[in-house]
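The next block holds one structure in the form of C-alpha coordinates; read it before the comments.
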Amino acid sequence: MSSASLAAAYRRCRDVTREHGRSYYLATKVLPPAERSAVYALYAFARVVDDIVDESGYPPQHQAHCLDAVEASLRTAFTPGAGSPIAVPVSASTGVAAEIVDALRDTVNRYGIPHEYFWAFLASMRMDVPETPAHRSRYATMAELHTYMYGSAAVIGLQLLPVFGSNTAEAREGATALGYAFQLTNFLRDIADDYRRGRVYVPLSEIEPFGVTEEVLARCVQERRTDPRMRAAIAHLIAVTRSYYRTAEAALPALPPSARLCVDTALRLYGSILDQIEHADYAVFAERAVVPNRRRLRIAAPRLARAMTLRRQ
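Start counting the sequence shown at 1364; every next residue gets the next number (this note's numbering).
Encoded structure:
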(Lines of atoms letter the chains of each structure in order from A and count residues from 1; the text may use other names and numbers.)
(Lines give C-alpha, C1' and ligand atoms only; values in the text may rest on other atoms or scores of the structure.)
Protein backbone atom coordinates (compact mmCIF):
# COMPACT_ATOMS: atom_id res chain seq x y z
CA MET A 1 0.00 0.00 0.00
CA SER A 2 1.07 3.60 -0.50
CA SER A 3 1.82 5.55 2.65
CA ALA A 4 -1.14 7.83 1.91
CA SER A 5 -3.55 4.88 1.60
CA LEU A 6 -2.26 3.33 4.80
CA ALA A 7 -2.57 6.63 6.64
CA ALA A 8 -6.17 6.92 5.42
CA ALA A 9 -6.87 3.38 6.64
CA TYR A 10 -5.56 4.24 10.09
CA ARG A 11 -7.65 7.42 10.15
CA ARG A 12 -10.73 5.32 9.42
CA CYS A 13 -9.85 3.10 12.38
CA ARG A 14 -9.35 6.14 14.58
CA ASP A 15 -12.75 7.50 13.61
CA VAL A 16 -14.48 4.18 14.38
CA THR A 17 -12.78 4.06 17.79
CA ARG A 18 -13.66 7.66 18.60
CA GLU A 19 -17.31 7.12 17.65
CA HIS A 20 -17.96 3.74 19.24
CA GLY A 21 -15.31 3.23 21.94
CA ARG A 22 -15.17 6.47 23.90
CA SER A 23 -13.44 4.96 26.92
CA TYR A 24 -10.83 3.22 24.78
CA TYR A 25 -10.29 6.35 22.69
CA LEU A 26 -9.75 8.51 25.75
CA ALA A 27 -7.39 5.94 27.27
CA THR A 28 -5.22 5.86 24.13
CA LYS A 29 -4.37 9.53 24.53
CA VAL A 30 -1.60 8.57 26.95
CA LEU A 31 0.15 6.40 24.34
CA PRO A 32 2.80 7.37 21.78
CA PRO A 33 1.27 7.94 18.30
CA ALA A 34 2.38 4.62 16.75
CA GLU A 35 0.96 2.54 19.59
CA ARG A 36 -2.18 4.66 19.56
CA SER A 37 -2.76 3.88 15.88
CA ALA A 38 -2.27 0.17 16.51
CA VAL A 39 -4.95 0.24 19.21
CA TYR A 40 -7.30 1.98 16.77
CA ALA A 41 -6.74 -0.73 14.15
CA LEU A 42 -7.36 -3.56 16.60
CA TYR A 43 -10.44 -1.92 18.14
CA ALA A 44 -11.98 -0.91 14.80
CA PHE A 45 -11.63 -4.41 13.38
CA ALA A 46 -13.28 -5.96 16.43
CA ARG A 47 -16.03 -3.36 16.36
CA VAL A 48 -17.07 -3.70 12.73
CA VAL A 49 -17.04 -7.49 12.95
CA ASP A 50 -19.14 -7.38 16.11
CA ASP A 51 -21.55 -5.12 14.22
CA ILE A 52 -22.11 -7.86 11.66
CA VAL A 53 -23.84 -9.85 14.36
CA ASP A 54 -25.42 -7.12 16.48
CA GLU A 55 -26.16 -4.15 14.23
CA SER A 56 -26.25 -5.17 10.58
CA GLY A 57 -29.85 -6.40 10.51
CA TYR A 58 -28.77 -9.27 8.29
CA PRO A 59 -30.49 -12.66 8.69
CA PRO A 60 -28.38 -15.30 10.47
CA GLN A 61 -27.34 -17.06 7.27
CA HIS A 62 -25.94 -13.83 5.86
CA GLN A 63 -24.22 -12.99 9.15
CA ALA A 64 -22.48 -16.37 9.01
CA HIS A 65 -21.51 -15.71 5.39
CA CYS A 66 -20.03 -12.33 6.33
CA LEU A 67 -17.97 -13.85 9.15
CA ASP A 68 -16.65 -16.45 6.71
CA ALA A 69 -15.76 -13.61 4.33
CA VAL A 70 -13.96 -11.77 7.12
CA GLU A 71 -11.90 -14.86 7.91
CA ALA A 72 -11.05 -15.35 4.23
CA SER A 73 -10.04 -11.69 4.04
CA LEU A 74 -7.79 -12.04 7.09
CA ARG A 75 -6.14 -15.21 5.81
CA THR A 76 -5.40 -13.39 2.56
CA ALA A 77 -4.13 -10.35 4.43
CA PHE A 78 -1.88 -12.43 6.66
CA THR A 79 -0.36 -14.40 3.76
CA PRO A 80 2.89 -12.76 2.58
CA GLY A 81 2.66 -11.56 -1.02
CA ALA A 82 -1.03 -12.39 -1.34
CA GLY A 83 -2.07 -8.85 -2.27
CA SER A 84 -4.89 -6.75 -0.90
CA PRO A 85 -7.65 -8.26 1.24
CA ILE A 86 -11.07 -8.68 -0.27
CA ALA A 87 -13.83 -6.23 0.55
CA VAL A 88 -16.11 -7.39 3.36
CA PRO A 89 -19.58 -5.87 3.69
CA VAL A 90 -20.53 -5.38 7.31
CA SER A 91 -23.52 -3.06 7.51
CA ALA A 92 -25.17 -0.12 5.88
CA SER A 93 -23.67 2.21 8.47
CA THR A 94 -20.06 1.01 8.31
CA GLY A 95 -19.60 0.22 4.63
CA VAL A 96 -16.77 -2.24 3.98
CA ALA A 97 -14.02 -3.42 6.27
CA ALA A 98 -11.30 -3.77 3.62
CA GLU A 99 -9.39 -0.61 4.60
CA ILE A 100 -9.69 -1.54 8.27
CA VAL A 101 -8.16 -4.90 7.42
CA ASP A 102 -5.36 -3.02 5.63
CA ALA A 103 -4.54 -1.15 8.84
CA LEU A 104 -4.92 -4.34 10.86
CA ARG A 105 -2.51 -6.22 8.60
CA ASP A 106 0.08 -3.47 9.00
CA THR A 107 -0.33 -3.55 12.78
CA VAL A 108 -0.13 -7.36 12.96
CA ASN A 109 3.00 -7.46 10.81
CA ARG A 110 4.63 -4.52 12.57
CA TYR A 111 4.23 -5.98 16.06
CA GLY A 112 4.17 -9.72 15.36
CA ILE A 113 0.71 -10.28 16.83
CA PRO A 114 -0.20 -14.01 16.76
CA HIS A 115 -2.86 -14.82 14.17
CA GLU A 116 -4.50 -17.35 16.48
CA TYR A 117 -6.06 -14.52 18.49
CA PHE A 118 -8.15 -13.47 15.48
CA TRP A 119 -9.42 -17.00 14.83
CA ALA A 120 -10.48 -17.22 18.50
CA PHE A 121 -12.27 -13.89 18.15
CA LEU A 122 -14.19 -15.04 15.06
CA ALA A 123 -15.08 -18.32 16.81
CA SER A 124 -16.79 -16.36 19.59
CA MET A 125 -18.57 -14.13 17.09
CA ARG A 126 -19.98 -17.26 15.44
CA MET A 127 -21.36 -18.32 18.82
CA ASP A 128 -23.70 -15.30 18.62
CA VAL A 129 -25.17 -16.25 15.23
CA PRO A 130 -28.47 -18.17 15.52
CA GLU A 131 -29.20 -21.23 13.40
CA THR A 132 -25.52 -22.16 13.13
CA PRO A 133 -23.66 -25.12 14.71
CA ALA A 134 -21.60 -22.86 16.98
CA HIS A 135 -24.54 -20.84 18.32
CA ARG A 136 -24.95 -20.45 22.07
CA SER A 137 -27.74 -18.36 23.61
CA ARG A 138 -27.33 -19.45 27.24
CA TYR A 139 -24.36 -20.24 29.51
CA ALA A 140 -24.82 -22.58 32.45
CA THR A 141 -21.62 -21.71 34.34
CA MET A 142 -18.91 -19.07 34.47
CA ALA A 143 -16.49 -21.64 33.06
CA GLU A 144 -18.70 -21.99 29.97
CA LEU A 145 -18.87 -18.22 29.64
CA HIS A 146 -15.07 -18.00 29.83
CA THR A 147 -14.90 -19.93 26.55
CA TYR A 148 -16.94 -17.22 24.87
CA MET A 149 -15.26 -14.30 26.65
CA TYR A 150 -11.77 -15.52 25.80
CA GLY A 151 -12.46 -14.97 22.10
CA SER A 152 -14.80 -12.02 22.42
CA ALA A 153 -12.73 -9.94 24.84
CA ALA A 154 -9.60 -11.50 26.37
CA VAL A 155 -7.83 -11.83 23.02
CA ILE A 156 -8.23 -8.09 22.43
CA GLY A 157 -6.00 -7.43 25.42
CA LEU A 158 -3.62 -10.20 24.40
CA GLN A 159 -3.31 -8.64 20.94
CA LEU A 160 -2.21 -5.39 22.58
CA LEU A 161 0.65 -6.87 24.60
CA PRO A 162 3.07 -7.09 21.63
CA VAL A 163 2.17 -3.48 20.81
CA PHE A 164 3.01 -2.49 24.38
CA GLY A 165 6.23 -4.51 24.33
CA SER A 166 5.31 -6.71 27.28
CA ASN A 167 4.23 -10.31 26.77
CA THR A 168 5.13 -11.94 30.08
CA ALA A 169 2.96 -14.52 31.81
CA GLU A 170 1.93 -11.89 34.36
CA ALA A 171 0.95 -9.44 31.62
CA ARG A 172 -1.06 -12.13 29.80
CA GLU A 173 -2.91 -13.04 33.01
CA GLY A 174 -3.75 -9.39 33.58
CA ALA A 175 -4.88 -8.85 29.98
CA THR A 176 -7.12 -11.90 30.12
CA ALA A 177 -8.67 -10.82 33.42
CA LEU A 178 -9.27 -7.31 32.12
CA GLY A 179 -10.97 -8.71 29.02
CA TYR A 180 -13.29 -10.73 31.25
CA ALA A 181 -13.94 -7.67 33.43
CA PHE A 182 -14.79 -5.45 30.45
CA GLN A 183 -17.04 -8.09 28.92
CA LEU A 184 -18.91 -8.81 32.15
CA THR A 185 -19.37 -5.07 32.64
CA ASN A 186 -20.94 -4.93 29.18
CA PHE A 187 -23.20 -7.89 29.95
CA LEU A 188 -24.49 -6.26 33.13
CA ARG A 189 -25.06 -2.90 31.46
CA ASP A 190 -26.73 -4.42 28.38
CA ILE A 191 -28.62 -7.30 29.97
CA ALA A 192 -32.00 -6.08 28.68
CA ASP A 193 -30.84 -5.46 25.10
CA ASP A 194 -29.10 -8.83 25.01
CA TYR A 195 -32.25 -10.57 26.22
CA ARG A 196 -34.25 -8.93 23.44
CA ARG A 197 -31.70 -10.37 21.00
CA GLY A 198 -32.36 -13.81 22.46
CA ARG A 199 -29.18 -14.01 24.53
CA VAL A 200 -28.55 -14.47 28.24
CA TYR A 201 -24.84 -14.05 28.95
CA VAL A 202 -25.05 -13.99 32.74
CA PRO A 203 -24.32 -17.59 33.82
CA LEU A 204 -27.40 -19.36 35.10
CA SER A 205 -25.47 -20.91 38.01
CA GLU A 206 -24.57 -17.41 39.22
CA ILE A 207 -28.14 -16.05 39.31
CA GLU A 208 -30.28 -19.07 40.20
CA PRO A 209 -29.16 -19.09 43.88
CA PHE A 210 -30.85 -15.68 44.19
CA GLY A 211 -34.15 -17.04 42.87
CA VAL A 212 -33.70 -15.59 39.39
CA THR A 213 -35.25 -17.73 36.68
CA GLU A 214 -35.63 -16.88 33.04
CA GLU A 215 -39.23 -15.98 33.80
CA VAL A 216 -38.03 -13.42 36.36
CA LEU A 217 -35.53 -12.02 33.86
CA ALA A 218 -38.18 -11.79 31.13
CA ARG A 219 -40.51 -9.93 33.46
CA CYS A 220 -37.77 -7.44 34.35
CA VAL A 221 -37.17 -6.75 30.67
CA GLN A 222 -40.86 -6.44 29.88
CA GLU A 223 -41.68 -4.20 32.85
CA ARG A 224 -38.38 -2.25 32.69
CA ARG A 225 -37.79 -2.69 36.40
CA THR A 226 -35.35 -4.64 38.54
CA ASP A 227 -36.93 -7.38 40.65
CA PRO A 228 -35.37 -7.61 44.17
CA ARG A 229 -34.05 -11.08 43.31
CA MET A 230 -32.46 -9.70 40.17
CA ARG A 231 -30.99 -6.80 42.13
CA ALA A 232 -29.26 -9.24 44.48
CA ALA A 233 -27.96 -11.30 41.54
CA ILE A 234 -26.58 -8.21 39.80
CA ALA A 235 -24.89 -7.07 43.03
CA HIS A 236 -23.23 -10.49 43.23
CA LEU A 237 -22.08 -10.34 39.59
CA ILE A 238 -20.68 -6.85 40.11
CA ALA A 239 -18.58 -8.27 42.95
CA VAL A 240 -17.38 -11.07 40.66
CA THR A 241 -16.55 -8.57 37.93
CA ARG A 242 -14.58 -6.40 40.33
CA SER A 243 -12.48 -9.42 41.27
CA TYR A 244 -11.33 -9.58 37.63
CA TYR A 245 -10.55 -5.85 37.68
CA ARG A 246 -8.41 -6.41 40.79
CA THR A 247 -6.47 -9.21 39.07
CA ALA A 248 -5.88 -6.94 36.08
CA GLU A 249 -4.82 -4.04 38.29
CA ALA A 250 -2.30 -6.24 40.11
CA ALA A 251 -0.63 -7.00 36.77
CA LEU A 252 -0.21 -3.34 35.74
CA PRO A 253 3.46 -3.20 36.91
CA ALA A 254 4.25 -5.79 34.21
CA LEU A 255 3.58 -3.13 31.56
CA PRO A 256 5.85 -0.29 30.41
CA PRO A 257 4.95 3.15 31.86
CA SER A 258 2.88 4.55 28.97
CA ALA A 259 1.03 1.27 28.44
CA ARG A 260 0.44 1.03 32.20
CA LEU A 261 -1.18 4.48 32.15
CA CYS A 262 -3.33 3.53 29.15
CA VAL A 263 -4.60 0.29 30.66
CA ASP A 264 -5.10 1.88 34.08
CA THR A 265 -7.16 4.66 32.47
CA ALA A 266 -9.31 2.20 30.54
CA LEU A 267 -9.70 0.01 33.63
CA ARG A 268 -10.97 2.88 35.75
CA LEU A 269 -13.18 4.40 33.06
CA TYR A 270 -14.87 1.10 32.29
CA GLY A 271 -15.01 0.03 35.91
CA SER A 272 -16.93 3.22 36.63
CA ILE A 273 -19.87 1.75 34.73
CA LEU A 274 -20.34 -0.64 37.65
CA ASP A 275 -20.42 2.36 40.00
CA GLN A 276 -23.11 3.93 37.83
CA ILE A 277 -25.20 0.74 37.93
CA GLU A 278 -25.03 0.76 41.73
CA HIS A 279 -25.75 4.48 41.90
CA ALA A 280 -28.92 3.90 39.83
CA ASP A 281 -30.02 1.14 42.23
CA TYR A 282 -29.35 -1.54 39.57
CA ALA A 283 -31.97 -0.09 37.20
CA VAL A 284 -30.31 -1.69 34.15
CA PHE A 285 -33.71 -2.61 32.70
CA ALA A 286 -34.88 1.01 32.66
CA GLU A 287 -31.80 2.83 31.40
CA ARG A 288 -28.29 2.26 30.10
CA ALA A 289 -25.57 3.05 32.64
CA VAL A 290 -23.33 5.81 31.29
CA VAL A 291 -20.35 7.43 32.99
CA PRO A 292 -20.78 11.24 32.93
CA ASN A 293 -18.18 13.13 30.89
CA ARG A 294 -17.05 15.14 33.92
CA ARG A 295 -16.17 11.93 35.75
CA ARG A 296 -14.46 10.49 32.68
CA LEU A 297 -12.30 13.59 32.42
CA ARG A 298 -11.59 13.53 36.15
CA ILE A 299 -10.24 9.99 35.76
CA ALA A 300 -8.28 10.62 32.58
CA ALA A 301 -6.79 14.07 33.24
CA PRO A 302 -4.09 13.16 35.79
CA ARG A 303 -3.02 10.19 33.69
CA LEU A 304 -2.76 12.35 30.59
CA ALA A 305 -0.62 14.79 32.56
CA ARG A 306 1.62 11.96 33.72
CA ALA A 307 1.97 10.70 30.14
CA MET A 308 3.06 14.15 28.96
CA THR A 309 5.68 14.22 31.72
CA LEU A 310 7.00 10.82 30.66
CA ARG A 311 7.30 11.95 27.04
CA ARG A 312 9.27 15.06 28.05
CA GLN A 313 11.61 12.90 30.11
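Each residue gets a CB set at the ideal place from its N, CA and C atoms; glycine is no exception. Source: prediction; values computed, not measured.
If I measure Cβ to Cβ from Leu-1567 and keep anything under 6 Å in the same chain, skipping five residues before and after, which residues do I get?
Taken in chain order, the residues that qualify are Ala-1503.
Shortest alpha-carbon distance to Ala-1663 belongs to which of Asp-1627, Ala-1646, Ile-1597?
Closest option to Ala-1663, Cα to Cα, is Asp-1627.
On the criterion of 16 or more Cβ atoms from any shown chain inside 10 Å, does Gln-1546 qualify as buried, or is it exposed?
Buried is the label assigned to Gln-1546, since at least 16 other Cβ atoms lie within 10 Å of its Cβ.
Can you give me the C-alpha to C-alpha distance between Val-1393 and Arg-1381, rounded to a whole angstrom?
Take the alpha-carbon of Val-1393 and the one of Arg-1381: they are about 15 Å apart.
For Leu-1437, which of Pro-1665, Ser-1366, Asn-1472, Glu-1569 has the nearest alpha-carbon?
Ranking Pro-1665, Ser-1366, Asn-1472, Glu-1569 by CA distance to the CA of Leu-1437 puts Asn-1472 first.
Have a look at Tyr-1387, Ala-1370, Ala-1367, Leu-1600 and flag the residue whose alpha-carbon is nearest the alpha-carbon of Tyr-1633.
The shortest C-alpha separation from Tyr-1633 is found at Tyr-1387.
Of the residues Tyr-1645, Ala-1517, Met-1488, the one placed nearest Arg-1562, counting alpha carbons only
Comparing alpha carbon positions, the residue from Tyr-1645, Ala-1517, Met-1488 closest to Arg-1562 is Met-1488.
Is it buried or exposed, Gln-1585, if we count other Cβ atoms within 10 angstroms and call 16 or more buried?
Burial is judged here by how many other beta carbons sit within 10 angstroms of a residue's own beta carbon; Gln-1585 has fewer than 16 and is exposed.
So what does DSSP say about Val-1626, is it helix, strand or coil?
Reduced to three states, the DSSP call for Val-1626 is helix.
Can you have a look at Leu-1360 and say buried or exposed, based on whether 16 or more other CB atoms are within 10 angstroms of its CB?
As shown, the chain starts at 1364 and ends at 1676. That puts residue 1360 outside it, with no answer to give.
Under 8 Å by Cβ, that's how I've got Met-1490 and His-1498 pegged, so tell me the actual separation to the nearest angstrom.
The pair is a contact, with the Cβ atoms about 6 Å apart (cut-off 8 Å).
Val-1563, DSSP secondary structure in three states:
Three-state result, Val-1563: strand.
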